[in-house]
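Numbering (the working numbering), first residue to last: 13 to 547.
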Amino acid sequence: MEIRSDFLVIGSGIAGLFFAVKASEIGSVAIITKKEKAESNTNYAQGGIAAVISTQDSFDLHIQDTFNTGVGLCNRDAVELLVREGPSRLKELMNIGVEFTRKEGVLDLGREGGHSRNRIVHAQDRSGSEIERALLNAIASRPNITMYENHLAIDLITEHHLGKSVTKETSVNCWGAYVLDIHNNLVKKLLSPVTVLCSGGLGQVYLHTTNPQIATGDGVAMAYRAGAKIGDMEFIQFHPTSLYDSGSPAFLISEAIRGFGGVLKTKRGDEFMQRYDERGSLAPRDIVAQAIDTELKKFGDDYVLLDVRHLPSDKIKEKFPHIYQTCLSKYKLDITQEQIPVVPAAHYACGGVVTDLHARTTIGNLYACGEVTMSGVHGANRLASNSLLEAVVFSHIACEDVKNNRSMLEIRIPEIPEWDDSGTFDTEEWVLIEHDKKEIQQIMWDYVGIVRSDLKLERAHRRISLVQNEIENFYKRTKVVEGLIELRNLATVADLIVRCALKRKESRGLHYTTDYPERNDNQWLHDTIVSCWDA
13 MEIRSDFLVI GSGIAGLFFA VKASEIGSVA IITKKEKAES NTNYAQGGIA AVISTQDSFD
73 LHIQDTFNTG VGLCNRDAVE LLVREGPSRL KELMNIGVEF TRKEGVLDLG REGGHSRNRI
133 VHAQDRSGSE IERALLNAIA SRPNITMYEN HLAIDLITEH HLGKSVTKET SVNCWGAYVL
193 DIHNNLVKKL LSPVTVLCSG GLGQVYLHTT NPQIATGDGV AMAYRAGAKI GDMEFIQFHP
253 TSLYDSGSPA FLISEAIRGF GGVLKTKRGD EFMQRYDERG SLAPRDIVAQ AIDTELKKFG
313 DDYVLLDVRH LPSDKIKEKF PHIYQTCLSK YKLDITQEQI PVVPAAHYAC GGVVTDLHAR
373 TTIGNLYACG EVTMSGVHGA NRLASNSLLE AVVFSHIACE DVKNNRSMLE IRIPEIPEWD
433 DSGTFDTEEW VLIEHDKKEI QQIMWDYVGI VRSDLKLERA HRRISLVQNE IENFYKRTKV
493 VEGLIELRNL ATVADLIVRC ALKRKESRGL HYTTDYPERN DNQWLHDTIV SCWDA
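1. Note down, in chain order, each residue of its chain lying with its Cβ closer than 6 Å to the Cβ of D438, except the 5 sequence neighbours on either side.
2. Can you tell which of G273, T221 and E161 has the C-alpha that lies nearest to the C-alpha of R291?
3. Considering only C-alpha positions, which residue in the set L20, S40, V33 and L85 is nearest to D533?
4. Since I believe L478 is in contact with Y487 (beta carbons under 8 Å), could you give me their beta-carbon distance rounded to a whole number of angstroms?
5. In three-state terms, what does DSSP make of N87?
6. Buried or exposed: D326, going by 16 or more other Cβ atoms within 10 Å of its Cβ?
7. Note down, one range per segment and in chain order, each alpha helix (DSSP H) of at least 4 residues found wholly within the segment 367 to 444.
8. Return the chain-ordered list of same chain residues with a C-beta closer than 6 Å to the C-beta of G364, the five sequence neighbours on each side being excluded.
9. Less than 8 Å between the C-beta atoms of E470 and K201, yes or no?
10. In three-state terms, what does DSSP make of E484?
11. Out of D319, A380 and G388, point me to the one whose CA is closest to V354's CA.
12. Does the Cβ-Cβ distance between Q351 and L323 come in under 8 Å?
13. So what's M1 in DSSP terms, helix, strand or just coil?
14. Suppose the cutoff is 7 Å on Cβ atoms and the five residues either side in sequence are ignored; what does the same chain contact list for C411 look like?
15. Using DSSP with H/G/I as helix, E/B as strand and the rest coil, what is D282?
16. Rounded to a whole number of angstroms, what is the C-alpha to C-alpha distance between N398 and Q453?
17. Look up G243 in the DSSP assignment and give the residues it is bridged to.
18. Examine the Cβ distances between the segment 125 to 138 and the segment 162 to 180 and report whether three or more of them are shorter than 8 Å.
19. Quick one: any contact between the segment 357 to 373 and the segment 204 to 219, if contact means 3 or more CB pairs under 8 Å?
20. How many Å lie between H251 and H220 at the Cα?
21. With a 10 Å radius around its C-beta and 16 neighbouring C-beta atoms as the bar for buried, classify R287 as buried or exposed.
22. Count the C-beta pairs between the segment 176 to 196 and the segment 224 to 239 that are closer than 8 Å, then say yes if the count reaches three, no if not.
23. Quick check on K176: does DSSP put it in helix, strand or coil?
24. Taking the runs of the alpha helix (DSSP H) that are 4 residues or longer, which of them lie wholly in the segment 491 to 534?
25. Using only the alpha-carbon positions, how far apart do V404 and D77 sit?
26. Looking at the unbroken beta strand (DSSP E) that takes in E14, where does it start and where does it end?
27. For K277, report the span of its beta strand (DSSP E) as first-last.
28. CB V191 to CB A146, shorter than 8 Å?
29. Specify, as a first and last residue, the run of the beta strand (DSSP E) that G188 falls within.
30. Under the assumption that V542 contacts R511 (Cβ atoms under 8 Å), give the Cβ distance between them as a whole number of angstroms.
31. Count the other CB atoms within 10 Å of the CB of W187; is the residue buried (16 or more) or exposed (fewer)?
32. If we call anything under 8 Å between Cβ atoms a contact, is A357 one with A472?
33. List the whole-angstrom C-beta distance separating I455 from I476, where the pair is believed to meet the contact cut-off of C-beta under 8 Å.
34. Just to confirm the assignment, what range does the alpha helix (DSSP H) spanning L255 have?
35. Does the distance from the CB of P296 to the CB of G126 come in under 8 Å?
36. Determine the direct distance from the alpha carbon of V21 to that of A189, and round the result to whole angstroms.
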């Protein structure tokens, strides 16, 4: 089965939906999403969008905060673009219908770790959900946008599928994707002259994560297999404060609570963050997560405590209603009266598919926006609430690039073969898929977590390589199903994270290794870039 459109958007988070709304002005848009349309990392985002709104703030301060948090690896041009475009894109979201929290008629600006000013525009403590709601309403009112729910991309369609020889020097172009219609167990060709990867994160590669089950790194894995450059995969951000023992995904306790005055303590009641950074509990996430990890190992504790009991209870309930109600009703924890047990959990990938200042990847006709990318704005660590900002800024930029190069929409798509699964068989060995997934997650958590070493990384590399080869052999012999596609992608991104981590012989931002505990600007002040041609 073949479906054609002017734009194919893979993913229904903020980046994909914002791009689709804008692109619908110049052509037809097909959006594929692997679950229901509202299921994405965006929907789980509590904090908000960082933007220069206040007269007490400035572009230069936001740029500097981003650079300081990124520990020298941010691309200056990308960061300046991100920050200066921010207020305009924020206004667009409000025009679309996003209702941000206001105080006495003006936007209520919060502060999070690493920010020198209050600049977080939020919708109470459910900003992502509110943005998703407004964008989905906008999508529904545009007849030339078609949403395909429960459709999972298998692979990007490139010259590889035309039987052509492709090398490192060959120009590679994308014409859409092979997509599994999960409910009908049917593989479709979704063809388009312009494909946009907005597939989000990869947190499910770790045993403990704040990401939903869908975050299996599909976009990064597909782009890698197609020949795109992938960068900085060693920089995985662990959110310092997920609720201890809250299941999978772990329930996130927003950084905004620390911005409001929450303080981190050990079980013994010691405020420990001041020993690690002068900003205390409001230090950037890499510093806070490493500090918590150190304290836990020092005392053999399972968690530390986030204390907000000294803050007005009515204000806590007003500013963080979702967190308060969820903790109270689901976990029987009254955060206004009791300390909150928290632990770090995998949260955000700062690396991904390498893109330029126009959101173009290294594959022709393929753009990428949001967490799936390495756009250059995060460097070695993401500044809090720059993620939703990055998604809207670069999806806008991608659409503007197509508008300025409309001839792209007239590209002739070659004859694309149907999906060929001849010689494969149906499998009932679901236990193999689930076992391999758990093995990957455990390996990554034990050996490629907050604190690393060469010994741990080398052990992880051997084990992941073995599992990856087994999965690939199984994949080639088996009819595609949702679990197997996601497992294959998880194995690929796990391998990419380990390979990039092994390359970087220093500690910087989110990559901390006991073998090279110091930052080394003389040798390592550059991105880590890999591609399938290096494997």
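For every residue, glycine included, the Cβ atom is placed at its ideal position computed from N, Cα and C.
Looking at the atomic coordinates:
1. Numbered from 1 along the sequence shown, position 426 holds the residue referred to as residue 438. Here the set comprises K491.
2. Position 279 of the sequence shown, counting from 1, holds the residue named residue 291. Of the candidates G273, T221 and E161, the one whose C-alpha sits nearest the C-alpha of R291 is G273.
3. Numbered from 1 along the sequence shown, position 521 holds the residue referred to as residue 533. Taking only the C-alpha atoms, the option nearest D533 is L85.
4. Walking along the sequence shown from the start, residue 487 turns up at place 475. Walking along the sequence shown from the start, residue 478 turns up at place 466. About 15 Å; that fails the 8 Å criterion.
5. If you number the sequence shown from 1, residue 87 lands on position 75. Here N87 sits in coil by DSSP.
6. Taking the first residue of the sequence shown as 1, we reach residue 326 at position 314. By the 10 Å Cβ count, D326 comes out exposed.
7. 398 to 416
8. On the sequence shown, residue 364 is found 352 positions in, with the first residue counted as 1. Cβ neighbours of G364 beyond the five flanking positions: V232, V384, T385 and M386.
9. Here residue 470 is taken as the residue at index 458 of the sequence shown, counted from 1. Here residue 201 is taken as the residue at index 189 of the sequence shown, counted from 1. No; because the gap between Cβ atoms is not below 8 Å, this pair is not in contact.
10. Position 472 of the sequence shown, counting from 1, holds the residue named residue 484. Helix, per DSSP.
11. On the sequence shown, residue 354 is found 342 positions in, with the first residue counted as 1. V354 has its Cα closest to that of D319, out of D319, A380 and G388.
12. Looking up residue 351 in the sequence shown gives position 339. Looking up residue 323 in the sequence shown gives position 311. Their beta carbons are not under 8 Å apart, which means Q351 does not touch L323 by this criterion.
13. Lying outside 13 to 547, the shown extent of the chain, residue 1 is not represented and no answer is given.
14. Here residue 411 refers to the residue found at position 399 of the sequence shown. Hits under 7 Å: F31, K34 and A35.
15. For the purposes of this step, residue 282 is taken as residue 270 along the sequence shown, with counting starting at 1. The three-state secondary structure of D282, taken from DSSP, is coil.
16. Residue mapping note: residue 398 aligns to position 386 of the sequence shown, counting from 1. Residue mapping note: residue 453 aligns to position 441 of the sequence shown, counting from 1. Those two C-alpha atoms are separated by around 27 Å.
17. Along the sequence shown, read from residue 1 onward, the residue named residue 243 stands at position 231. G364 and I541.
18. no
19. Yes: at least three Cβ pairs fall under 8 Å.
20. Position 239 of the sequence shown, counting from 1, holds the residue named residue 251. Position 208 of the sequence shown, counting from 1, holds the residue named residue 220. Near 11 Å, if we compare the C-alpha coordinates of H220 and H251.
21. Taking the first residue of the sequence shown as position 1, residue 287 is located at position 275. It is exposed - the Cβ of R287 has fewer than 16 other Cβ atoms within 10 Å.
22. yes
23. Here the question's residue 176 lines up with position 164 in the sequence shown. Note: K176 maps to coil in three-state DSSP.
24. 494 to 515
25. As a first step, residue 404 is located in the sequence shown; it is residue number 392 there, counting from the start. As a first step, residue 77 is located in the sequence shown; it is residue number 65 there, counting from the start. If you take the alpha carbons of V404 and D77, they lie about 20 Å apart.
26. The residue given as residue 14 occupies position 2 in the sequence shown. Unbroken beta strand (DSSP E) run through E14: E14 to R16.
27. Position 265 of the sequence shown, counted from the start, is the residue given in the question as residue 277. Residues V275 to K277.
28. Mapped onto the sequence shown, residue 191 falls at position 179. Mapped onto the sequence shown, residue 146 falls at position 134. No.
29. As a first step, residue 188 is located in the sequence shown; it is residue number 176 there, counting from the start. Unbroken beta strand (DSSP E) run through G188: G188 to D193.
30. Counting from 1 along the sequence shown, the entry for residue 542 is found at position 530. Counting from 1 along the sequence shown, the entry for residue 511 is found at position 499. Right, their Cβ atoms sit about 6 Å apart.
31. For the purposes of this step, residue 187 is taken as the residue at position 175 of the sequence shown. Buried, because 16 or more other Cβ atoms sit within 10 Å of the Cβ of W187.
32. For the purposes of this step, residue 357 is identified with residue 345 of the sequence shown, where counting begins at 1. For the purposes of this step, residue 472 is identified with residue 460 of the sequence shown, where counting begins at 1. No.
33. Indexing the sequence shown from 1 puts residue 455 at position 443. Indexing the sequence shown from 1 puts residue 476 at position 464. Correct: roughly 6 Å between the Cβ atoms.
34. Counting from 1 along the sequence shown, the entry for residue 255 is found at position 243. From DSSP, L255 is part of no alpha helix (DSSP H) but of the beta strand (DSSP E) over I248 to L255.
35. In the sequence shown, the residue the question calls residue 296 occupies position 284. In the sequence shown, the residue the question calls residue 126 occupies position 114. Yes.
36. As a working note, residue 189 is residue 177 in the sequence shown. As a working note, residue 21 is residue 9 in the sequence shown. Rounded to the nearest angstrom, the gap between the Cα atoms of A189 and V21 is 10 Å.
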